[in-house]
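Engineer: Below you'll find the structure I mean.
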Amino acid sequence: MRAGDDHCPGVVRLHEAADGPLARLRIPGGLLTAAQAGALADVADELGDGRVRLTARGNVELRAIRDATALTDALSDAGLLPSVERDRVRNVVATPLAGLDGRGHADATSWIALVGALDAALVGEHGPAGLSGRFLFGLDDGRGDVAALRPDVLATLTGDGRASLTVDGGGDAVVLGRDAVPAALVASAVAFVACTAGATGDTPTAWRLRDRPGDDALRTRLLDAARAAASGAAATPAAAGDASVRTEAADLTDTAGAAHVAEPAGTAHVAAHTENPEVAGKTEPSQLAGTTQPVDVAGTTEPADVAGTSGRVDAAGTSGRVGASGRAATPGDAATDATTGTAATDAPAAGSGIRPGPFDGPTGGGLVALLPLGECGTPAWRAVAALAAAGDGVVRTTSERGVVVAGFPTAHAGAALAAWARAGLVVDADDPMDGVSACVGRPGCARARADVRAMARAGLAARSRVAPGERPLVHFSACERRCGHPGVVHDEVVVAADGIDVGVWRPPAEPGDRPGADG
Numbered sequence: 018m019r020a021g022d023d024h025c026p027g028v029v030r031l032h033e034a035a036d037g038p039l040a041r042l043r044i045p046g047g048l049l050t051a052a053q054a055g056a057l058a059d060v061a062d063e064l065g066d067g068r069v070r071l072t073a074r075g076n077v078e079l080r081a082i083r084d085a086t087a088l089t090d091a092l093s094d095a096g097l098l099p100s101v102e103r104d105r106v107r108n109v110v111a112t113p114l115a116g117l118d119g120r121g122h123a124d125a126t127s128w129i130a131l132v133g134a135l136d137a138a139l140v141g142e143h144g145p146a147g148l149s150g151r152f153l154f155g156l157d158d159g160r161g162d163v164a165a166l167r168p169d170v171l172a173t174l175t176g177d178g179r180a181s182l183t184v185d186g187g188g189d190a191v192v193l194g195r196d197a198v199p200a201a202l203v204a205s206a207v208a209f210v211a212c213t214a215g216a217t218g219d220t221p222t223a224w225r226l227r228d229r230p231g232d233d234a235l236r237t238r239l240l241d242a243a244r245a246a247a248s249g250a251a252a253t254p255a256a257a258g259d260a261s262v263r264t265e266a267a268d269l270t271d272t273a274g275a276a277h278v279a280e281p282a283g284t285a286h287v288a289a290h291t292e293n294p295e296v297a298g299k300t301e302p303s304q305l306a307g308t309t310q311p312v313d314v315a316g317t318t319e320p321a322d323v324a325g326t327s328g329r330v331d332a333a334g335t336s337g338r339v340g341a342s343g344r345a346a347t348p349g350d351a352a353t354d355a356t357t358g359t360a361a362t363d364a365p366a367a368g369s370g371i372r373p374g375p376f377d378g379p380t381g382g383g384l385v386a387l388l389p390l391g392e393c394g395t396p397a398w399r400a401v402a403a404l405a406a407a408g409d410g411v412v413r414t415t416s417e418r419g420v421v422v423a424g425f426p427t428a429h430a431g432a433a434l435a436a437w438a439r440a441g442l443v444v445d446a447d448d449p450m451d452g453v454s455a456c457v458g459r460p461g462c463a464r465a466r467a468d469v470r471a472m473a474r475a476g477l478a479a480r481s482r483v484a485p486g487e488r489p490l491v492h493f494s495a496c497e498r499r500c501g502h503p504g505v506v507h508d509e510v511v512v513a514a515d516g517i518d519v520g521v522w523r524p525p526a527e528p529g530d531r532p533g534a535d536g
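Mapped onto this note's numbering, the consecutive letters of the sequence shown carry residue numbers 18 to 536.
Next up, the structure:
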């Protein structure tokens, strides 16, 4: 059980990382206007290190922030910080392709409206004050992509025009009208805060439902709160009563003057899987800094005590770390084994989620790209914003640390794909980088024992010789915290204190602590 402050950073509360202050900006539902995406590039250039990073919840991280006040002002001006007090509670993951590819039970406009209404309820008068920055809301259009991430509270759209609300991954459900979804989700979160308040009322005894495994009474309280809110949603301020205002056509036009899909300023902002380049909220200034030898990623220096042949196996259901396969002799061996699938024969193939590349849909052409290891420079990010401005005006971020742009003429897809590729984005489903992730590692994190990003890149040559459909998901962690790992079965490389473990990570059978899964 976890209690007290979750140390999760935001925009108002920065994290002091080894490479400078880090800001995590919540992007509810993964929705940004093209103008907001451009503003983020400006902020990264003027106040940060010139790079944009995506987390596994589709949130944005900006590193090496030079002026915290200027950051808050700039993001507020861009409509990206609608509430200083509720900055960190706007953790909403949503199906990124909803209404774009002919699947699911939502059209693009109503989906944007639903995300905006939930965001309005979260920062409104009846929002969940005191909620942990790790608590996760989910909106699934019925295809099951967000449900697989096990949000704390989840609304899944059904084919009959309604929705099903569940908590902590399943069990009993509350069936409700779609217009009641925002109020019901927020009421569940408010109930969670009330039920997990400490003795003094200001020190929570849990950050997420998974911190209270087996607490059926708590889960029932959340469902009861959702049911009550849904029954009175039409007259409850916490319901999205102002959704119509927040979803009127915005003043977003492309260079040709075409109207864009409506997106409320300051509300449109997918997250999923379970990662970000560094789950900074889990990384306080390290007591390990200076005490652990960094690993030579070139493979020339073996870490201490690598003679062991059996990996660590934790008790099933406690941490989810089950089935480690062994100890690698060198970083190079670890990278090759993990990225080519030697360790985990049952890990899902990379790209089992959203694949990079072009697609056609009801709204016109679409393009999906991944940010290599979850980050890119501002020129690449501006290229994404520019294509969005020529389309429906929306940049959608994904749990794979990628972006989706749609609504542009299909004839433009080839040129857009080429431009994104030149900017360094992954736009080809055959690219060996697809399915590879890593924590921030050295030098950005004080706890890190190695530059695991360099280690990950070192394994790409061997990975490219494996058929794309046979390449596993793989995550590189610079310490045992496993920050930013995918939340599904995957190969992993963990730089431990006494060597490099290569193995398999599997989610626990029951809710519980899953290291590094928040972001």
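Yeah, the Cβ is synthetic: ideal placement off N, Cα and C, and Gly gets one too.
(1) Do you know whose CA, among A407, E417, G419, lies nearest F425's CA?
(2) Please specify which runs of the alpha helix (DSSP H), each continuous and at least 4 residues long, are wholly inside the segment 40-74, giving them in chain order.
(3) Starting from P199, trace the alpha helix (DSSP H) in both directions and tell me its first and last residue.
(4) Write down every uninterrupted run of the beta strand (DSSP E) in the segment 86-134 whose length is 3 residues or greater and which is fully enclosed by it, in chain order.
(5) Can you say whether G501 is buried or exposed, counting buried as having 16 or more other CB atoms within 10 angstroms of its CB?
(6) Output the residue ranges of the beta strand (DSSP E) runs that lie fully inside the segment 443-498 and measure 3 residues or longer, sorted by chain position.
(7) Determine the direct distance from the alpha carbon of V412 to that of N76, and round the result to whole angstroms.
(8) Give me the residue from A54, A73, A81 with the minimum Cα distance to G67.
(9) Kindly identify the DSSP beta-bridge partner or partners of D377.
(10) So, are the CB atoms of F493 and V505 less than 8 angstroms apart?
(11) What did DSSP end up calling A190 once you bin it into helix, strand or coil?
(12) Is the beta carbon of V385 less than 8 angstroms from the beta carbon of G374?
(13) With which residues is S181 paired in a DSSP beta bridge?
(14) Taking three-plus beta-carbon pairs below 8 angstroms as touching, is the segment 179-186 in contact with the segment 427-435?
(15) Quick one: is G119 buried, meaning 16 or more other Cβ sit within 10 Å of its Cβ, or exposed?
(16) Whose C-beta lies closer than 6 angstroms to the C-beta of V140 among residues of the same chain, with five residues either side of it excluded?
(17) For V401, which of helix, strand or coil comes out of DSSP?
(18) Can you tell me whether E280 is buried or exposed? The criterion is at least 16 other CB atoms within 10 Å of its CB, across all chains shown.
(19) So, with DSSP's three-state summary, where would you put V140?
(20) Hey, how far is the Cα of I44 from the Cα of A56?
(21) Between which residues of its own chain and G150 is the CB-CB distance below 6 angstroms, once the five residues before and five after are set aside?
(22) Applying the criterion that 16 or more other CB atoms from any shown protein chain within 10 Å of the CB defines a buried residue, is R439 buried or exposed?
(23) Once DSSP output is grouped into helix, strand and coil, what is the label at A423?
(24) State whether the segment 193-206 contacts the segment 157-165, with contact taken as three or more CB pairs (one from each stretch) at a distance under 8 angstroms.
(25) Which residues mark the beginning and the end of the alpha helix (DSSP H) in which R244 is found?
(26) Do you know offhand how far D228's Cα is from R236's?
(27) Give a yes or no on whether the minimum CB-CB distance between R399 and chain B is below 8 angstroms.
(28) Can you give me the C-alpha to C-alpha distance between A125 and D377, rounded to a whole angstrom?
(29) Since A200 and A246 should fall inside the 8 angstroms C-beta cutoff, what is the C-beta to C-beta distance between them, to a whole number of angstroms?
(30) Which of helix, strand or coil does DSSP assign to P38?
(31) Using three-state DSSP, classify R225 as helix, strand or coil.
(32) Helix, strand or coil: which one does DSSP assign to D350?
(33) Could you tell me the boundaries of the alpha helix (DSSP H) in which R439 lies?
(34) Near E487, which residues of its chain fall below 6 angstroms by C-beta distance, leaving aside the five closest residues on each side in sequence?
(35) How big is the Cα-Cα spacing for R482 and H143?
(36) At what residues does the beta strand (DSSP E) containing E78 begin and finish?
Structural biologist: In brief:
(1) A407
(2) 51-64
(3) 198-212
(4) 109-111
(5) buried
(6) 453-455, 491-494
(7) 12 angstroms
(8) A81
(9) G382
(10) no
(11) strand
(12) yes
(13) T173, V192
(14) no
(15) exposed
(16) P99, S100, R103
(17) helix
(18) At E280, the pLDDT of 33 sits below 50, so the modelled position is not reliable; the number obtained from the coordinates is stated separately. Buried: at least 16 other Cβ atoms inside 10 Å.
(19) helix
(20) 14 angstroms
(21) D23, C25, R105
(22) exposed
(23) strand
(24) no
(25) 233-248
(26) 12 angstroms
(27) No chain B appears in this structure, which consists of one protein chain only.
(28) 14 angstroms
(29) 4 angstroms
(30) strand
(31) coil
(32) helix
(33) 430-439
(34) none
(35) 54 angstroms
(36) 77-79
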